[in-house]
Amino acid sequence: MGRLAISTQPAFTTHIADTREESHKEDANMDAVIRVYTDGSGYKDQAGAAAVLVRTDGVHECRRVLRYHLGPLSEHTVYEAEAVGIILGAHLLLTEDPELASRDSSISLDNQAVIRAAEYIQRAQPGHYLLDHFRTLTDHLWQIRGAGYSLEMHWISGHDDAELNEFVDGQAKLAAEGHSSPMDDLPAFLHLPLRASLSATRQEYTRQLHERWQRDWMCSPRYQRHKHWAPDAATKSHMKTIESLSRRDSAVLFQLRTGHAPLNKHLHRMRCSESPTCDACGEADETVPHFIYECQARLTERRALRKAAGKNWRNRAYLLSDTTGVKALMGYVRDTGRMRWSRREEDDTQEGNFEDGERKEEEEVEDEEEGEDEEGARRAKETEEVDTTIEGLLKWFERLPRGEERGERDSA
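Residue numbers for the sequence shown, in this note's numbering: 25 to 436.
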């Protein structure tokens, strides 16, 4: 089935309240006689959808409920489950007794994104075929009920102890556990399994890739050396911490993590320093722990580190991996000026490089201008010589008698 035209007008209206409280107030004062509540749920790694129909005129003594199990969340999204929920709701309205169902109806759900997407047909997006089918059902419903029929979609805030909304939420979780309604009660559209969601497939692939990387990382010999500061190196929070650093801060952070930092202990081992002893205090080898926690010559900077990092400042893993800890540690490094650089030195270096480049560029421009001046002078001199020659020839021709000039032409 092809997509609906963008110009197609929906056979329903939508309304989204400004606040959670207002949504429940509107639900309590709703005029619709036939009300449908829908929900989609991701529960125990499975996706399920449900819809419940109730009447406010006392016709039904019990609620009509439909449930549908979509499948695992590795193939389907909660957004799709919400879309299937409104399909079930539209099917409940279509299968209601025509003599009793001509009254105004409503569909309420707690997902604003689905409401907006159902109202406006946009470019192809995940789950759009489900929303297209819902609109087809509502068009058919409007044709059956007549022009005076009214259907409204409302947003109702979830998890606020609204009875019917909580009831349908429980039914959706029941559907996620595999308890679908009998096939004969479901719309024909749902008799076959739904196609796998592209978004869910991508998420599942990314998850498996992350798990594989984590396994490889934990089996690596480097993990044993670095697990104290990076047990979760592939998590989003850790990657976000790294990405927020400047290039120079990232280099310093990894130097401190690995111990290969420009401190005397490591420099002496690399034969780049005469002694491993700390130059600031002269009391012990200048290792990373000594530099951060022990050096008595850096008490002032360490107080600022303690204040910025908080109560966990003595936890080395915290300083080397947590966002707040890393920020405080980088501030400490800059304050000490020990790691062969400081922010001021970096700025001065950048400014000096800029000035050197600017000076070189000015010299090149001056050389070009001097060359242009010399070339212009040479051309001006040549032009002056040509003008002088032409002027001399003209004067010579003016002194010649006309006959001589004509005779010369005849003899020629």
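Where is the CB? At the ideal position from N, CA and C, for every residue including glycine.
Reference residue i, options the options, closest by Cα
| i | options | result |
| --- | --- | --- |
| proline 150 | His100, Arg246, Ser270 | His100 |
| aspartate 303 | Glu104, Met294, Asn288, Phe36 | Asn288 |
| leucine 210 | Arg358, Ala75, Arg362 | Ala75 |
| valine 357 | Leu233, Glu45, Asp273, Arg338 | Asp273 |
| serine 221 | Tyr173, Tyr153, Asp346 | Tyr153 |
| valine 138 | Leu155, Pro122, Arg127 | Leu155 |
| alanine 105 | Ala141, Arg79, Thr62, Pro122 | Thr62 |
| glutamate 187 | Ser345, Arg87, Tyr342 | Arg87 |
| arginine 127 | Ser174, Thr311, Leu280 | Ser174 |
| threonine 348 | His314, Lys331, Arg362, Ser205 | Lys331 |
| arginine 338 | Leu323, Tyr317, Lys351, Val350 | Tyr317 |
| arginine 246 | Ala212, Arg281, Leu233, Arg231 | Arg281 |
Assigned exposure category for residue i - 16 Cβ within 10 Å defines buried
| i | result |
| --- | --- |
| serine 270 | exposed |
| threonine 43 | exposed |
| isoleucine 168 | exposed |
| tryptophan 237 | exposed |
| tyrosine 229 | exposed |
| cysteine 296 | exposed |
| aspartate 240 | exposed |
| aspartate 81 | exposed |
| phenylalanine 378 | For phenylalanine 378, the predicted structure reports a pLDDT of 35, less than 50, and the residue's modelled location is therefore unreliable. A value from the coordinates is still provided. The residue is exposed, with fewer than 16 neighbouring Cβ atoms inside 10 Å. |
| threonine 265 | buried |
| methionine 263 | exposed |
| alanine 171 | exposed |
| leucine 353 | buried |
| histidine 178 | buried |
| glutamate 45 | exposed |
| histidine 215 | exposed |
| alanine 141 | buried |
| arginine 249 | exposed |
| leucine 161 | buried |
| asparagine 189 | buried |
| serine 268 | exposed |
| tyrosine 342 | buried |
As assigned by DSSP and simplified to three states, the class of residue i
| i | result |
| --- | --- |
| isoleucine 180 | coil |
| leucine 97 | coil |
| serine 130 | strand |
| threonine 37 | strand |
| alanine 304 | coil |
| serine 297 | coil |
| threonine 282 | helix |
| aspartate 518 | Nothing in the structure corresponds to residue 518, since the chain is present only between 25 and 436. |
| serine 65 | strand |
| tyrosine 144 | coil |
| glutamine 437 | With the chain represented from 25 up to 436, any question about residue 437 goes unanswered, as that position is not in the structure. |
| alanine 75 | strand |
| valine 57 | coil |
| arginine 468 | Outside the modelled stretch of the chain, which goes from 25 to 436, sits residue 468, for which no answer is possible. |
| aspartate 309 | strand |
| arginine 88 | strand |
| arginine 367 | Low confidence applies to arginine 367: its pLDDT is 45, below 50, so where it sits in the model is not reliable enough to give any reading. |
| leucine 175 | strand |
| glutamine 149 | coil |
| leucine 210 | coil |
| glutamate 120 | coil |
| histidine 215 | coil |
| glutamate 104 | helix |
| asparagine 288 | helix |
| aspartate 81 | coil |
| lysine 251 | coil |
| histidine 203 | coil |
| asparagine 336 | helix |
| aspartate 346 | coil |
Beta-carbon separation (whole angstroms), residue i vs residue j, contact threshold 8 Å
| i | j | result |
| --- | --- | --- |
| serine 65 | alanine 224 | The pair is not a contact, with the Cβ atoms about 15 Å apart (cut-off 8 Å). |
| glutamate 176 | alanine 56 | 7 Å |
| tyrosine 92 | alanine 107 | About 11 Å; that fails the 8 Å criterion. |
| serine 129 | isoleucine 58 | 4 Å |
| leucine 165 | alanine 35 | 7 Å |
| glycine 95 | proline 217 | 7 Å |
| glycine 109 | alanine 196 | 7 Å |
| glycine 328 | cysteine 305 | The question names glycine, but residue 328 is alanine in the sequence shown. Not confirmed; about 18 Å, so no contact. |
| glutamate 325 | aspartate 359 | 4 Å |
| glutamate 50 | leucine 77 | Actually they are not in contact, since the Cβ atoms of glutamate 50 and leucine 77 sit about 19 Å apart, beyond 8 Å. |
Would you check if there are 3 or more beta carbon pairs closer than 8 Å linking the region 107-114 to the region 133-141?
Cβ pair count under 8 Å is three or more, so yes.
Using 8 Å as the threshold, is the region 60-78 in touch with the region 191-209, meaning 3 or more CB pairs across them?
A contact is defined here as three or more CB-CB pairs under 8 Å, and the region 60-78 meets this definition with respect to the region 191-209.
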